[in-house]
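Following: one structure in structure tokens, then a few remarks.
4 protein chains.
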Amino acid sequence: MKYDKKELLKEKIQHIDIKKFNSIPLIESFDNMAFQSRNLAKACKIYDTMIKDKDCTIVLCLAGSLVSGGLKKIIIDLIEHNMIDIIVSTGAIVVDQDFFEGLGFNHYRGFVNADDNQLRELMIDRIYDTFIDEGDLRVCDMTTKKIADSMNPGVYSSREFIYDMGKYLDKNGKNPESFVLEAYKNEVPIFCPAFSDSSAGFGLVFHQTEKKEHVSIDSVKDFKELTELKVKSKETGLLMIGGGVPKNFVQDTVVAADILGVDVPMHKYAVQLTVADERDGALSGSTLKEANSWGKVDSGFEQMVFGEATVTFPLLASYAHHKGSWKDRKAKRLNTLLK
Amino acid sequence: MKYDKKELLKEKIQHIDIKKFNSIPLIESFDNMAFQSRNLAKACKIYDTMIKDKDCTIVLCLAGSLVSGGLKKIIIDLIEHNMIDIIVSTGAIVVDQDFFEGLGFNHYRGFVNADDNQLRELMIDRIYDTFIDEGDLRVCDMTTKKIADSMNPGVYSSREFIYDMGKYLDKNGKNPESFVLEAYKNEVPIFCPAFSDSSAGFGLVFHQTEKKEHVSIDSVKDFKELTELKVKSKETGLLMIGGGVPKNFVQDTVVAADILGVDVPMHKYAVQLTVADERDGALSGSTLKEANSWGKVDSGFEQMVFGEATVTFPLLASYAHHKGSWKDRKAKRLNTLLK
Amino acid sequence: MKYDKKELLKEKIQHIDIKKFNSIPLIESFDNMAFQSRNLAKACKIYDTMIKDKDCTIVLCLAGSLVSGGLKKIIIDLIEHNMIDIIVSTGAIVVDQDFFEGLGFNHYRGFVNADDNQLRELMIDRIYDTFIDEGDLRVCDMTTKKIADSMNPGVYSSREFIYDMGKYLDKNGKNPESFVLEAYKNEVPIFCPAFSDSSAGFGLVFHQTEKKEHVSIDSVKDFKELTELKVKSKETGLLMIGGGVPKNFVQDTVVAADILGVDVPMHKYAVQLTVADERDGALSGSTLKEANSWGKVDSGFEQMVFGEATVTFPLLASYAHHKGSWKDRKAKRLNTLLK
Amino acid sequence: MKYDKKELLKEKIQHIDIKKFNSIPLIESFDNMAFQSRNLAKACKIYDTMIKDKDCTIVLCLAGSLVSGGLKKIIIDLIEHNMIDIIVSTGAIVVDQDFFEGLGFNHYRGFVNADDNQLRELMIDRIYDTFIDEGDLRVCDMTTKKIADSMNPGVYSSREFIYDMGKYLDKNGKNPESFVLEAYKNEVPIFCPAFSDSSAGFGLVFHQTEKKEHVSIDSVKDFKELTELKVKSKETGLLMIGGGVPKNFVQDTVVAADILGVDVPMHKYAVQLTVADERDGALSGSTLKEANSWGKVDSGFEQMVFGEATVTFPLLASYAHHKGSWKDRKAKRLNTLLK
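Those protein sequence lines, which keep their order, are chains R, D, F and E.
With our numbering applied, the first sequence covers 1 to 339.
With our numbering applied, the second sequence covers 1001 to 1339.
With our numbering applied, the third sequence covers 2001 to 2339.
With our numbering applied, the fourth sequence covers 3001 to 3339.
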């Protein structure tokens, strides 16, 4: 059967709105059950405790295909309602997926058992059951080049570059639903420790190839800035969706502060939604108790939930949103501390 | 730290009530997303289609620690609202967990990192994060012996024995919330192809040891009866929670009918909620498309959802319940066909 | 592309021979490493200790598509070299896969991304990447009917029936490489607690449909017999490939003995090779430490290995074989105790 | 029970030597079996084909706790025998684990169910079943600072920095078994796209905090350099252990080249050893067929193997080593192209 590109790119992924359903009754039932339902309930309660704790700076860590999966609006809502203060993410989520949609492009409902050869010929990229028009992605790549071209040559943190991406969307965006834009407006810093591993990497490589005097992205600067924010926070809590570099990077700030001679507490709260398993010794699935041996995450308020994020994250975020503890919480606007 | 048995067995597992929250808005959002949220939405829609299809006999397959995990009331609700017609289950769910609770016993909230040596000394059994009083389990074992003792010696299907367990609960039960009881009242047949692999196994071994003339459980008889029900159904749909023997057993009825010379259609609908993976070649994680090669499950209306059942099953069942398609569906009371 | 049945059923699965490679150097290296390599090394050493322990009866538990996966010869070797004394298995491994090959049929190298619709039309059944001629399977089904027809009507344990299957192969088999045959010759009992959930189920249903006086398979009798063997063993050790019913069934014999008033020790040794995860609360992935809380498995000599059995089982079995501790071990011929 | 630090840090992790056992007979058996054994055999054959293909540049991608897990010597052997040409890795493997051991420190056999609170008090860090002396790690952090201090201020790729780490080990190392050192000597470039997410991050943050004129690590430069190597290679093959950033980063070079206006072929060969699952839509578990839709990985010579790397990587590497195809292969010394 021959594919028709238009047919394949017809049904847009739509982002779930946690304000439109209230998961509190469900989560409260889960709390009296067992296995992952109870773990999820415990994670929800820990996140709500973080929000209530006035001293706590909340870091949202993002890995996986979360925005293409329909979770973008949740991140926007968490920013808007002061439920998180910092984002640490993979580059793909920030650039290829969120910024990409901010430029007016979309992800599309596809299917798993696709003929990938045919997709390639049509310039359609597949993420499991989701399709992307590769032409759109190329525009996204080039836009990051344009942004780099417009900046003063020099060394930047990914946070600084992403800030400029927000500014770009504010002026030129075609879809106001973008967490890069929302974070920009609310001065929520976004860090991508592996920034060039994204659509922006393409744009920046092109930029550096063209210009002798150019923009560089120094992830050490990111680490320094994030550590600075850790130092300036009385307490910290981690809300981790997936594992990977973001999970490790933010945990390491405790050690980094220590090395700089500043005595900071471990991360007091930590929640991770993941499908990874601890048995291969890799970081993504390593338990939060293990992180305690490293002096990174305190024991007492930590919970891992084994489950895929498109199912578990909406339940957790809806719970926290409807609990309303954010109503007494102020925007920390941490970007302003880093200028 | 020394454990105190009373302290450990204090908080009862409570069963989630799908009538008290409406997952339709959530599932409808999931349908426009990706990955497992969309798969779950598709599974919900297929299950609703089964319920609407007047010709379809619906078989619920159960594996895993579902009742100890807080999912018992869902199964009761599905029976009560004519949303399923047959149950195929592991023995543990039917006897050790549901019948056990029908006798007035409970499962308790425990914790994962328990000192299992101490638990053993206190005669507390652990299922991941859940505790059981082993003394209670022994009473359950002995009750199945009592039931066997009261029956005429002979060869029975597990279905027949479980029917008598329902009758026993009807007279002597201490907790009306039992799906064994509910199925008994509604003439919903329950099959356990590996029946002696359960608390009833203990009672029956004791029974057979004591009595020369005794009750035997012939799973061939179960297979014959289940195949008979398949033959008498115009169409069939499978709602599988977990994999294991129940998944395989019910799929095999298509072939069994064929061998008996009756031409029956494949199972028209099939949904499986599971954490198993196809990559080890085992049946539990084998895809429903693979089952198509065997001529067991039709293609078109089949969906696997990767997720742990205490989270996904309540969402699916609440969706189907609130859709209300069951209102036009009549109880099939299939037990009456087998008498 | 249209499939050609002959082309698809050309390359036979060949069974690995643990005598032809020596995994000892590899396993000894693994012992000084980490994660699953070290776990596998520990499992190997525990299994070797079981073999050395003269008082220990060793039970091999089998679940998953092990014989179709190429592991049949290992099981035969373990029997032949007195490295196991009892087998508890799923029905499919015993009947659909091993007995099936004993009749002269084969499994074939296939591929994962097959068009299952086309396979169905060609009567080819798929197990992940492996193909089976459904016509051959039907002959296997009918052979079990023939065996049942030849037996005196009455109630049998699966062990008794499988013994007759061995006898049948001894007379009529077309491929001497069958562990059902090898176990028959060496008086190693084989138990299938869910026996009708197999190709034999088809034959037996046909048999019972035809004959009023017929053979029944009572798994309670299996449980009684297996418990008897547990009672008669000074110590016991479990070598579990996969989880499912076999894992639970054999663990339960400790409790069954207790209920019959006999004080038996817990299983002293336990090894499980599995890809299952403990986090869903199901039995297959439940830790052996958890089994300790139930008083079923002793602590000290227990090890789970996370890995797929076609890779891990050959390494473990080759290690134990080349260690040679079996040379001082005698065949227990436990079937003779049950006659 | 109170822990004793000396007791806990006694047994060193030892690295497996693929030259000391020959996995060819095992892998050849695997090739006629099914499931992951056959997949592993196929992966071995593809890797051997890469080595034979004179036009092929081979990129080794590393993620997970591979060196602490005992796989260091394999990587050294692959470099030494010209079996790989480029390494793309997480920072932890390069700095915290390999460079760390090059400085004379060790990883130790620990255990999983450790009391992490006590470990923290003793300054022992845990990776699943492995222990590390945090004091040693701090020395490692500071050594990277020292290296940064010794460099001319400016913007570097991680590759350049790691080259200087190799040079440092060459002069000051205490253990010649280090792949950073071996790569340095053989001019094999090592890229860490998320370099500051490692022990080096600590040292570099300290360095930047102290010095106004300092070293920056620009991962765009890494991307540019790696793309340059892709452009200069006729064909490329990927040997991926784990997923994460390295997997994505190297795949993206095909697109990066295209964006720079150079027409390069897709990666012709690709092998991935992983425990990740495709069903969550994340990159780590995404199939190599999916990568084909992106125009990154060619179809035909690609294979994923589901299994934990400490078991599967030694088997694959031993196979390729004993096949000996490397004997006709020359060192590419690609670092020299980037100077």
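Backbone N, C-alpha and C define an ideal beta-carbon position, used for all residues, glycine too.
In this text the structure is predicted, and so the values were computed from the model without any measurement.
Query: Anticipated Cβ contact below 8 Å, I3087 (chain E) with V3188 (chain E), distance rounded; Result: 6 Å
Query: Neighbour flag for Y2047 (chain F) against chain E, beta carbons, 8 Å; Result: no
Query: Segment limits, beta strand (DSSP E) that includes T2274 (chain F); Result: 2269-2274
Query: R2333 (chain F) burial status per 10 Å Cβ neighbour count (16 or more: buried); Result: exposed
Query: Nearest to S408 (chain R) (by Cα), restricted to the options R:N172, R:V215, R:M50; Result: Within the shown structure, residues of chain R are numbered from 1 to 339, placing residue 408 (chain R) beyond reach of any answer.
Query: V1305 (chain D) - containing alpha helix (DSSP H), residue span; Result: First-last for V1305 (chain D): 1302-1306, but that is the beta strand (DSSP E), not the alpha helix (DSSP H).
Query: Euclidean distance between Cα positions of I3079 (chain E) and Y3269 (chain E); Result: 19 Å
Query: Below-8 Å beta-carbon distance, G3281 (chain E) vs any chain C residue; Result: The structure shown contains no chain C; its protein chains are R, D, F and E.
Query: Beta-carbon gap between Q3036 (chain E) and V3264 (chain E) smaller than 8 Å; Result: no
Query: Segment contact flag, the segment 2098-2108 of chain F with the segment 2174-2192 of chain F, C-beta cutoff 8 Å, min 3 pairs; Result: yes
Query: Helix, strand or coil at L2260 (chain F) [DSSP, three-state]; Result: coil
Query: 8 Å Cβ cut-off: residues of chain E touching F1035 (chain D); Result: R3279, D3280, G3281
Query: Contact set between N2106 (chain F) and chain E, taken where Cβ atoms lie within less than 8 Å; Result: The premise fails here: N2106 (chain F) is roughly 12 Å from chain E at the closest Cβ pair, so nothing lies under 8 Å.
Query: Helix, strand or coil at C140 (chain R) according to DSSP, with G and I counted as helix; Result: helix
Query: Contact with chain R by E1308 (chain D), beta-carbon distance below 8 Å; Result: yes
Query: Any non-hydrogen atom of the ligand FAD closer than 7 Å to K3332 (chain E) Cβ; Result: In the structure shown, the ligand FAD is absent, as is every other ligand, since no ligand is present at all.
Query: Contacts around V2155 (chain F), its chain only, beta-carbon distance under 6 Å, and the 5 residues preceding and following it disregarded; Result: S2216, D2218
Query: Minimum Cβ-Cβ distance from F3206 (chain E) to chain R less than 8 Å; Result: yes
Query: Own chain residues within Cβ distance below 7 Å of M142 (chain R), not counting five before or after; Result: G203
Query: Short-range partners of chain D found in the segment 2246-2267 of chain F, where Cβ spacing is below 7 Å; Result: N2248, F2249, D2252, V2255, A2256, I2259, L2260
Query: Short Cβ contact (8 Å threshold) for T3144 (chain E) with A3200 (chain E); Result: yes
Query: 8 Å Cβ cutoff, P1193 (chain D) in contact with chain F; Result: yes
Query: Between the CA atoms of K3019 (chain E) and N1032 (chain D) - distance to the nearest angstrom; Result: 53 Å
Query: Min CB distance G350 (chain R) to chain E below 8 Å; Result: In the structure displayed, chain R extends from 1 to 339; residue 350 (chain R) sits before or after that span and is not available.
Query: Closest by C-alpha distance to R2126 (chain F), when choosing among F:F2111, F:K2185, F:M2240; Result: F:F2111
Query: Reduced DSSP category for C1044 (chain D) - H, G, I as helix; E, B as strand; rest coil; Result: helix
Query: CA nearest to the CA of P1314 (chain D), picked from D:K1010, D:N1022, D:D1136; Result: D:N1022
Query: Anticipated Cβ contact below 8 Å, I3027 (chain E) with C3044 (chain E), distance rounded; Result: 5 Å
Query: Close Cβ partners of P1153 (chain D) (< 8 Å) along its chain, the five nearest in sequence each way excluded; Result: K1211, E1213, H1214, V1215
Query: Nonlocal neighbours in the same chain, by C-beta distance under 8 Å from K3002 (chain E), ignoring five residues either side; Result: Q3118
Query: Contacting positions in the segment 3014-3027 of chain E - beta carbon closer than 8 Å to chain F; Result: Q3014, H3015, I3016, D3017, K3020, F3021, S3023, P3025, L3026
Query: Selected residue, minimal CA-CA separation from T1336 (chain D), among D:I1190, D:E1134, D:G1070, D:L1009; Result: D:I1190
Query: CA-to-CA distance, G70 (chain R) to I1058 (chain D), given in whole angstroms; Result: 32 Å
Query: Contacts that E2290 (chain F) makes with chain D (C-beta to C-beta distance below 8 Å); Result: D1116, R1126, I1127, Y1128
Query: Among E:V3205, E:T3236, E:F3223, E:V3220, nearest to K221 (chain R) - alpha-carbon criterion; Result: E:V3205
Query: Beta carbon proximity, L3119 (chain E) to chain R, threshold 8 Å; Result: yes
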